[in-house]
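Working notes for the structure below.
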Amino acid sequence: MSAAELPTTEFDEPEEAVLPAPLAEPFPTNGFAALASSGVDEGDMVQLLDEQGVLQHDPAFSPYIEALDADTLRGFYRDMAVARRFDSEGTALQRQGELALWVPLTGQEAAQVGSGRASREHDYIFPTYREHAVALTRGLDLADLLRLFRGTSNGGWDPRDKNFHLYTLVLAAQTLHAVGYAMGIQRDIKADPTTEPAAAMVYFGDGASSEGDVHESMVFAASYQAPVVFFCQNNYWAISVPFEVQSRVPLVNRASGYGFPGIRVDGNDVLAVHAVTAWALEHARSGNGPVLIEASTYRLGAHTTADDPTKYRMAAEEEHWRAKDPVARYERYLRESGMADDAFFAQVADEANELATYVRKAVLSMENPDIRDKFADVYGAPHPLVAEELAWFEQYQASFVDAENEGGAA
Amino acid sequence: MKTMTIAKAINEGLRAALAKHPKSFLMGEDIGSLGGVYRVTEGLKAEFGADRVMDTPLAESGIIGTAIGMALRGHQPICEIQFDGFVFPGFNQITTQLAKIRTRSNGMLSAPVVIRIPYGGGIGSIEHHSESPEALFAHTPGLRIITPSNAHDAYWMIQQAVECPDPVIVFEPKRRYWLKGEVDTESTELDPFKAQVVREGTDATVVAYGPLVPVALAAANAAAEDGHSVEVIDLRSISPIDFDTITASVEKTGRLVVAHEAPTFGGIGGEIAARISERSFYALEAPVIRVGGFHMPYPVARVEEHYLPDIDRILEALDRALGY
Numbered sequence: 001m002s003a004a005e006l007p008t009t010e011f012d013e014p015e016e017a018v019l020p021a022p023l024a025e026p027f028p029t030n031g032f033a034a035l036a037s038s039g040v041d042e043g044d045m046v047q048l049l050d051e052q053g054v055l056q057h058d059p060a061f062s063p064y065i066e067a068l069d070a071d072t073l074r075g076f077y078r079d080m081a082v083a084r085r086f087d088s089e090g091t092a093l094q095r096q097g098e099l100a101l102w103v104p105l106t107g108q109e110a111a112q113v114g115s116g117r118a119s120r121e122h123d124y125i126f127p128t129y130r131e132h133a134v135a136l137t138r139g140l141d142l143a144d145l146l147r148l149f150r151g152t153s154n155g156g157w158d159p160r161d162k163n164f165h166l167y168t169l170v171l172a173a174q175t176l177h178a179v180g181y182a183m184g185i186q187r188d189i190k191a192d193p194t195t196e197p198a199a200a201m202v203y204f205g206d207g208a209s210s211e212g213d214v215h216e217s218m219v220f221a222a223s224y225q226a227p228v229v230f231f232c233q234n235n236y237w238a239i240s241v242p243f244e245v246q247s248r249v250p251l252v253n254r255a256s257g258y259g260f261p262g263i264r265v266d267g268n269d270v271l272a273v274h275a276v277t278a279w280a281l282e283h284a285r286s287g288n289g290p291v292l293i294e295a296s297t298y299r300l301g302a303h304t305t306a307d308d309p310t311k312y313r314m315a316a317e318e319e320h321w322r323a324k325d326p327v328a329r330y331e332r333y334l335r336e337s338g339m340a341d342d343a344f345f346a347q348v349a350d351e352a353n354e355l356a357t358y359v360r361k362a363v364l365s366m367e368n369p370d371i372r373d374k375f376a377d378v379y380g381a382p383h384p385l386v387a388e389e390l391a392w393f394e395q396y397q398a399s400f401v402d403a404e405n406e407g408g409a410a
Numbered sequence: 001m002k003t004m005t006i007a008k009a010i011n012e013g014l015r016a017a018l019a020k021h022p023k024s025f026l027m028g029e030d031i032g033s034l035g036g037v038y039r040v041t042e043g044l045k046a047e048f049g050a051d052r053v054m055d056t057p058l059a060e061s062g063i064i065g066t067a068i069g070m071a072l073r074g075h076q077p078i079c080e081i082q083f084d085g086f087v088f089p090g091f092n093q094i095t096t097q098l099a100k101i102r103t104r105s106n107g108m109l110s111a112p113v114v115i116r117i118p119y120g121g122g123i124g125s126i127e128h129h130s131e132s133p134e135a136l137f138a139h140t141p142g143l144r145i146i147t148p149s150n151a152h153d154a155y156w157m158i159q160q161a162v163e164c165p166d167p168v169i170v171f172e173p174k175r176r177y178w179l180k181g182e183v184d185t186e187s188t189e190l191d192p193f194k195a196q197v198v199r200e201g202t203d204a205t206v207v208a209y210g211p212l213v214p215v216a217l218a219a220a221n222a223a224a225e226d227g228h229s230v231e232v233i234d235l236r237s238i239s240p241i242d243f244d245t246i247t248a249s250v251e252k253t254g255r256l257v258v259a260h261e262a263p264t265f266g267g268i269g270g271e272i273a274a275r276i277s278e279r280s281f282y283a284l285e286a287p288v289i290r291v292g293g294f295h296m297p298y299p300v301a302r303v304e305e306h307y308l309p310d311i312d313r314i315l316e317a318l319d320r321a322l323g324y
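For the protein sequence lines, the chains are F and X, in the order given. Counting from 1, position 309 in the first sequence corresponds to residue 309 in the working numbering; the numbering is continuous, with no gaps. Counting from 1, position 15 in the second sequence corresponds to residue 15 in the working numbering; the numbering is continuous, with no gaps.
Listed below in structure tokens is the structure:
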């Protein structure tokens, strides 16, 4: 579906399928070559800022950006730059042994900030485990994200505070939760029409798109016309496996198979992502059913701090994508348009460094939970086995204290 | 007191739950106009409407996963999985998501989803329609697993499952769906997580649950003709297990047989045997003996009678226990 057709909420006939050229080898090991021949037409996506940071006009989506004031537009940069600095601090903390693992987002800032900033307070966000920049746009204390990676909590925040769900590590499981949540919104509105209109937005990646839960979630979403936006960040690599092994067609094509709109957007263009997501969320909130967004982006670093991209992809491919860097591109736009100057960028850099200092301090001062409290979180109602095991554990622990005391007395 | 089948008792229990809890609703495959493949939900769509009795796409992971999302939004889903052997596409959502949401959120979130699963064999059906996978779920912290054996318990246990703040899987003994019994719809004293002594005895204890409770009772009656007084306990809850009731019985009888349809290896019987040997070692006059399915995929219907524990298999186990 081309950009020019989009914001009407009409969805009549699926576009003719864009079939990829046959690949030389069925499962290419060279991702860069594979990408080039995958048939993914980079032109067939919504883009408002070209790679040089020059603003383009799109009759359907430009109005969404024209409605934003300069502070908001500068805020996009601030979010992206701060998120990138936060990300590098996460990697540093892991390298220094302070985090068990870190999941870098560098390269995907525009996809996350553009979409996160398009969501509203009453929308509910289901992230994967890489949506640190979305968390930032929702107003979370970013230090809380690190509890999971520090090993002090599997959650770390109350999802109801900012309508930002816990990270989900089992790939695609959250896509169904989002559809169910959206179906719950439908029920609430039906029971009480004064309920605030809202949508669920769920993030997943190209790797997760192969999971059965994505399919089932899209079937349910379409069947019940649930107010949900599926936001797929296609970063072209599922750890070490290139996109071509997940799909031979752009993922956005799948939407027409389920019978709802799909939009492919330049995921490194924060303005295009914002406009497309704002449209999609409005479409969903207005009772028109689900939308799939495929944001074409790139993970410039490793999948996590546990892998090494030099083992599975070529440096030339990374360079190809560095030229499309979402933060640098947007900086050029802000400078050229006169919306921001050196002083602004220096101020953002200071803010980013302050955040990094803050999260580092927060991580180093995180206290281990008391495992006795963990017994209380398994069930909501009293449970005899849990109670018995807790009682045993407490007397077992107490036996060491007694032994120490006796030793001291002797 | 009303006389009704177990299927009708669950139907009435669901009706009462839907009437009492406005945010509760049923979801599953073919549960609406058809009333479910066992007609357990018959008439409920007509009474409560399609939103409260929702036919879903044929997708078990989708059923459980969307139910979790609806519970997070404050709704109360009561899911039906059509058959025991078809729960596995939803196993990931049940064990990695549903069971853990309270712990992962440090107690801030809960998803008190109810999952009804008709289970067990003895109906002459084709493969995947006769299984007893309860131990796989009992091994997962965060879930509660209950199974009624009679109409009265079924009527109340399904309602208490809906009111429980935790996820509850209700395994329904499908070959007993048509077993009639008295239901006291006024009494609310039943605790679904407490085992019930359904027959008192002094020489040995048989623990059973779900479809095997009537078999255990028949075995106890047969043993009585040979002069043995056998106590029978209906476990009701597989997770948690009410070990206090079993312990009290074993301290009296000194002998314990545990019977279930599921394979004995890695099963609930093994867990009970281990716990009781730890708790009541000096009271035991004989090893705890398990009666259950063999270590094979559930066999074809024409030979399932040799697989399923029957009266004679329980009597044989009792003979061994009493022989020490």
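Even glycine gets a Cβ: it sits at the ideal position worked out from N, Cα and C. As the structure is a prediction and not an experimental result, all values here were calculated from the model.
So that I know if they touch, is there some Cβ in chain X lying closer than 7 Å to that of F/Gly-155?
Stepping through the first sequence from its first residue, residue 155 of chain F is reached at position 155. Taking Cβ atoms only, chain X reaches closer than 7 Å to F/Gly-155, which makes this a yes.
Are X/Thr-326 and X/Glu-186 touching if we call contact CB-CB under 7 Å?
Lying before the first or after the last residue shown, residue 326 of chain X is absent from chain X, which here runs from 1 to 324.
If you run the structure through DSSP and keep just helix, strand and coil, what is F/Ser-296?
In the first sequence, the residue the question calls residue 296 of chain F occupies position 296. Here F/Ser-296 sits in strand by DSSP.
Taking the Cβ atom as the reference point for each residue, do X/Ile-94 and X/Ser-239 lie within a distance shorter than 7 Å?
For the purposes of this step, residue 94 of chain X is taken as the residue at position 94 of the second sequence. For the purposes of this step, residue 239 of chain X is taken as the residue at position 239 of the second sequence. In this structure, X/Ser-239 does not lie closer than 7 Å to X/Ile-94 by Cβ.
What's the gap between the Cα of X/Val-257 and the Cα of X/Glu-231?
For the purposes of this step, residue 257 of chain X is taken as the residue at position 257 of the second sequence. For the purposes of this step, residue 231 of chain X is taken as the residue at position 231 of the second sequence. About 10 Å.
Mind checking F/Ser-399: buried by the 16 CB within 10 Å criterion, or exposed?
Counting from 1 along the first sequence, the entry for residue 399 of chain F is found at position 399. F/Ser-399 comes out exposed.
In this structure, does DSSP put F/Phe-126 in helix, strand or coil?
Numbered from its first residue, the first sequence carries residue 126 of chain F at position 126. Here F/Phe-126 sits in strand by DSSP.
Cα-Cα, which of F/Val-113, F/Asp-69, F/Asp-71 and F/Trp-102 is closest to F/Thr-297?
Indexing the first sequence from 1 puts residue 297 of chain F at position 297. Out of F/Val-113, F/Asp-69, F/Asp-71 and F/Trp-102, F/Val-113 has the C-alpha closest to the C-alpha of F/Thr-297.
Residue range of the unbroken alpha helix (DSSP H) whose run includes X/Ile-123:
Translated into positions along the second sequence, residue 123 of chain X becomes position 123. Careful: X/Ile-123 lies outside any alpha helix (DSSP H) and carries neither H nor E.
Rounded separation between F/Gln-47 and F/Pro-290 - CA only:
Taking the first sequence and counting its residues from 1, one reaches residue 47 of chain F at position 47. Taking the first sequence and counting its residues from 1, one reaches residue 290 of chain F at position 290. Answer to the nearest angstrom: the Cα atoms are 22 Å apart.
Identify which residue in F/Glu-89, F/Ala-403, F/Glu-394 and F/Tyr-379 has its Cα closest to the Cα of X/Met-165.
As a first step, residue 165 of chain X must be located in the second sequence, where it is residue number 165. Looking at the sequence itself, residue 165 of chain X is Pro, so the reference to Met does not match. The option with the nearest alpha carbon to X/Pro-165 is F/Tyr-379.
Is there a C-beta anywhere in chain X that falls below 7 Å from the one on F/Gly-90?
Walking along the first sequence from the start, residue 90 of chain F turns up at place 90. Chain X, which has no Cβ nearer than 7 Å to the Cβ of F/Gly-90, makes this no.
Please state whether DSSP places X/Thr-3 in a helix, a strand or coil.
For the purposes of this step, residue 3 of chain X is taken as the residue at position 3 of the second sequence. In the structure shown, X/Thr-3 sits in a strand (DSSP, three-state: E or B).
Starting from X/Thr-205, trace the beta strand (DSSP E) in both directions and tell me its first and last residue.
As a working mapping, residue 205 of chain X is identified with position 205 in the second sequence. Here the beta strand (DSSP E) through X/Thr-205 covers 204-208.
Residue from F/Gln-56, F/Gly-301 and F/Ala-118 with nearest C-alpha to F/Gly-75
In the first sequence, the residue the question calls residue 75 of chain F occupies position 75. Selected option, being the one with the closest Cα: F/Ala-118.
State yes or no: is the beta carbon of F/Gly-267 nearer than 7 Å to at least one beta carbon in chain X?
One-based indexing of the first sequence puts residue 267 of chain F at position 267. Taking Cβ atoms only, chain X never reaches closer than 7 Å to F/Gly-267, which makes this a no.
Going along the region 162-186 of chain F in order, which residues come within less than 7 Å of chain X, judged by CB to CB distance?
Leu-166, Val-170, Ala-173, Leu-176, His-177, Ala-178, Val-179, Gly-180, Tyr-181, Met-183, Gly-184 and Ile-185
I'd like to know whether the C-beta of F/Asp-192 is nearer than 7 Å to at least one C-beta of chain X.
Within the first sequence, numbered from 1, the residue matching residue 192 of chain F stands at position 192. F/Asp-192 does not count as touching chain X.
Hey, quick one: how far does the beta strand (DSSP E) through X/Leu-26 stretch, first residue to last?
As a first step, residue 26 of chain X must be located in the second sequence, where it is residue number 26. Taken as a continuous stretch (DSSP letters only), the beta strand (DSSP E) holding X/Leu-26 covers 24-28.
State the Cα-Cα distance for the pair F/Gly-267 and X/His-260, rounded to the nearest angstrom.
Walking along the first sequence from the start, residue 267 of chain F turns up at place 267. Walking along the second sequence from the start, residue 260 of chain X turns up at place 260. Using only the alpha carbons, I get a separation of about 56 Å.
Cα-Cα separation, F/Glu-211 to X/Leu-322
Reading the first sequence from its first residue, position 211 is the one you call residue 211 of chain F. Reading the second sequence from its first residue, position 322 is the one you call residue 322 of chain X. For F/Glu-211 and X/Leu-322, the distance between alpha carbons rounds to 54 Å.
Beta-carbon separation of X/Gly-201 and X/Ser-229 under 7 Å?
As a first step, residue 201 of chain X is located in the second sequence; it is residue number 201 there, counting from the start. As a first step, residue 229 of chain X is located in the second sequence; it is residue number 229 there, counting from the start. Cβ atoms of X/Gly-201 and X/Ser-229: closer than 7 Å.
Length at least 4, wholly inside the region 50-75 of chain X: the alpha helix (DSSP H) runs in chain order
60-72
The region 66-84 of chain X: positions lying closer than 9 Å to chain F by Cβ:
Thr-66, Ala-67, Ile-68, Gly-69, Met-70, Ala-71, Leu-72, Arg-73, Gly-74, His-75 and Pro-77
7 Å Cβ cutoff met for F/Asp-307 and F/Gln-246:
What you label residue 307 of chain F is simply residue 307 of the first sequence in a count that begins at 1. What you label residue 246 of chain F is simply residue 246 of the first sequence in a count that begins at 1. It is not a contact, given that the beta carbons lie outside the stated cut-off.
Uninterrupted alpha helix (DSSP H) stretches inside the region 222-303 of chain X (no shorter than 4 residues):
243-253 and 268-279
Just to confirm before moving on: does the CB-CB distance between F/Phe-231 and F/Met-201 stay below 7 Å?
Here residue 231 of chain F refers to the residue found at position 231 of the first sequence. Here residue 201 of chain F refers to the residue found at position 201 of the first sequence. Yes, these two residues count as a Cβ contact at 7 Å.
Count the CB pairs spanning the region 30-42 of chain X and the region 198-216 of chain X that are closer than 8 Å, and state whether there are at least three.
no
DSSP puts F/Arg-360 in a beta bridge; with which residues?
As a first step, residue 360 of chain F is located in the first sequence; it is residue number 360 there, counting from the start. Looking at the DSSP assignment, F/Arg-360 forms no beta bridge with any residue, so it has no partner.
Would you verify that the beta carbon of F/Pro-197 is, or is not, closer than 7 Å to some beta carbon of chain X?
Numbered from 1 along the first sequence, position 197 holds the residue referred to as residue 197 of chain F. Chain X, which has no Cβ nearer than 7 Å to the Cβ of F/Pro-197, makes this no.
Quick check on F/Met-201: does DSSP put it in helix, strand or coil?
Translated into the one-based positions of the first sequence, residue 201 of chain F becomes position 201. Residue state, collapsed to three classes: strand.
Since F/Glu-394 and F/Arg-372 should fall inside the 8 Å C-beta cutoff, what is the C-beta to C-beta distance between them, to a whole number of angstroms?
Taking the first residue of the first sequence as position 1, residue 394 of chain F is located at position 394. Taking the first residue of the first sequence as position 1, residue 372 of chain F is located at position 372. Confirmed, about 7 Å.
With DSSP run on the structure shown, which of helix, strand or coil describes F/Ala-34?
Indexing the first sequence from 1 puts residue 34 of chain F at position 34. At F/Ala-34 the pLDDT is 40, less than 50, meaning the model places this residue with poor confidence; the figure from the coordinates comes in the next sentence. DSSP places F/Ala-34 in helix when its eight states are reduced to three.
Among residues of its own chain, excluding the 5 on either side of F/Phe-344, which ones have a beta-carbon nearer than 7 Å to its beta-carbon?
Position 344 of the first sequence holds residue 344 of chain F. Around F/Phe-344: Arg-74.
Using 8 Å as the cut-off, can you tell me whether the region 181-195 of chain F makes contact with the region 68-78 of chain X, which would need three or more C-beta pairs spanning the two stretches below that distance?
yes
At what residue ranges does the region 233-263 of chain F contain a whole run of the beta strand (DSSP E), taking only runs of 3 or more?
none
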